[in-house]
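Please read the structure below before turning to the comments.
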Amino acid sequence: MWARLRGAVPPRIAAMLVGALLLQLGFVLSYVGAFHHPQPHRIPIAVAAPQRMAPDAVEKLNGIPGHPLKATAADEATARERLRTGEISGVLIVKPGSRTDTLLTAGAGGASTASALETVIEKAEKTQDRTASVVDAFPAQAGDARGLSSFYLVVGWTVGGYLFAALLGVSLGARPATARGAGRRLLAAVPYAVLSGLGGAAIVGPLLGALNGHFLALSAIGALVVFGAAAMTIAFQVLFGVLGIGVTVLLFVVLGNPSAGGAYGPELLPPFWRALSPALPNGAATHAVRHVMYFSGHGIAANLAVLTAYALGGALAGVLGVNLIRRRRAAAAVSG
1 MWARLRGAVP
11 PRIAAMLVGA
21 LLLQLGFVLS
31 YVGAFHHPQP
41 HRIPIAVAAP
51 QRMAPDAVEK
61 LNGIPGHPLK
71 ATAADEATAR
81 ERLRTGEISG
91 VLIVKPGSRT
101 DTLLTAGAGG
111 ASTASALETV
121 IEKAEKTQDR
131 TASVVDAFPA
141 QAGDARGLSS
151 FYLVVGWTVG
161 GYLFAALLGV
171 SLGARPATAR
181 GAGRRLLAAV
191 PYAVLSGLGG
201 AAIVGPLLGA
211 LNGHFLALSA
221 IGALVVFGAA
231 AMTIAFQVLF
241 GVLGIGVTVL
251 LFVVLGNPSA
261 GGAYGPELLP
271 PFWRALSPAL
281 PNGAATHAVR
291 HVMYFSGHGI
301 AANLAVLTAY
311 ALGGALAGVL
321 GVNLIRRRRA
331 AAAVSG
């Protein structure tokens, strides 16, 4: 039986099928591993309290087992400004003359993080025989349910980028024959990326009313995301041939999507996925879109640097990789 199976399935095809199985299992492991038991970890929060009470309040919040919060003291005006720019996820305003404090959250930054923060503060307040009234000071737009539109927009852009490059690989061959051929594919990706950015921004904005405003900024981020995904896919195809598609899926789908901060914010993910979030295009782009839409673009420089690095790195790896492979083949032919 095994002899017949080996004869029916060539080793190269068998290796690809094994790779597909591993990707499938990796998909299940990554998504379930990231989402099956969300726990808050060092959610940034400012405590606005009278000077004599602030140190004790901060110490108690930072001393909660498991370190779900990262609390710092600030006056109320400063704390509100930090919340407005997305630097922190909440503000606890302590009212010494009352048994009820006020918790300000920013649902625009992700409903999962805001909800987790509310739960932690509620439990902490109970231990002090106090309560907290919750105010969503910076909510998501009416059409942006749970603040997830940014994430799904980025998913669409990344899928479009690697599908573009994958289809070119299927039509023209996984590996371009020359560096010029790789360059042509990259040049073709430029108008595609621009149209993808514009189209995505138009759909979530004017068409659906999910993310209204900042059309050009969203389009620019989208173009960068799509070109980066296409460039990385081209590079992987140059380096790994047909298997490059699998490497692309591993990067953008298996690892990138669950760590992006969509369904659960990075502060709620296990350490592995939490560390990946700002380093992969999915997480960097999701954070950038949210902060452009809701937090005046504060804190996106690092995100744009990550996206640019993937775009330029993918382009360089694709072009230089073709030359490297050609030289190795030429050297092998001479030595042979």
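Residue 1 is where the sequence shown starts when you use the numbering used here, and the numbers rise one by one after that. Glycine is no exception: its CB is placed at the ideal position from the N, C-alpha and C atoms. If you're wondering where the values come from, they're calculated on a predicted model, not measured in any experiment.
Reduced DSSP secondary structure (H/G/I, E/B, other) of residue i
| i | result |
| --- | --- |
| alanine 132 | strand |
| serine 47 | Before going on, a small fix: residue 47 reads as valine here, not serine. Strand at valine 47. |
| lysine 70 | strand |
| glutamine 39 | coil |
| isoleucine 300 | coil |
| leucine 268 | helix |
| glycine 143 | coil |
| histidine 214 | coil |
| aspartate 56 | helix |
| proline 258 | coil |
| lysine 123 | helix |
C-beta atoms of residue i and residue j nearer than 8 angstroms
| i | j | result |
| --- | --- | --- |
| leucine 186 | alanine 132 | no |
| alanine 124 | isoleucine 64 | yes |
| serine 219 | leucine 198 | yes |
| leucine 239 | leucine 255 | no |
| alanine 231 | alanine 311 | yes |
| valine 155 | isoleucine 221 | no |
| alanine 229 | tyrosine 152 | no |
According to DSSP, residues forming a beta bridge with residue i
| i | result |
| --- | --- |
| aspartate 101 | Ala132 |
| glycine 90 | Ile45, Thr105 |
Beta-carbon separation (whole angstroms), residue i vs residue j, contact threshold 8 angstroms
| i | j | result |
| --- | --- | --- |
| phenylalanine 227 | valine 190 | 7 angstroms |
| glycine 321 | glycine 19 | Going by Cβ atoms, the distance from glycine 321 to glycine 19 rounds to 20 angstroms, so no, they are not a contact pair. |
| proline 44 | tyrosine 264 | Proline 44 to tyrosine 264, Cβ: 16 angstroms. No contact. |
Option in the options with minimal Cα separation from residue i
| i | options | result |
| --- | --- | --- |
| phenylalanine 295 | Gly26, Leu104, Gly109 | Gly109 |
| valine 135 | Ala111, Ala74, Pro11, Gly241 | Ala111 |
| leucine 268 | Leu195, Thr178, Leu69 | Leu69 |
| leucine 307 | Asn282, Leu172, Ile203, Arg290 | Asn282 |
| isoleucine 121 | Arg42, Gly143, Ala142 | Arg42 |
| glycine 86 | Gly261, Thr100, Thr105 | Thr105 |
| isoleucine 13 | Gly318, Ala309, Val242 | Val242 |
| aspartate 80 | Asp56, Gly299, His67, Val47 | Checking the sequence, you will find arginine at residue 80 rather than aspartate. The shortest Cα separation from arginine 80 among Asp56, Gly299, His67, Val47 belongs to Val47. |
| alanine 201 | Gln141, Val289, Phe272 | Val289 |
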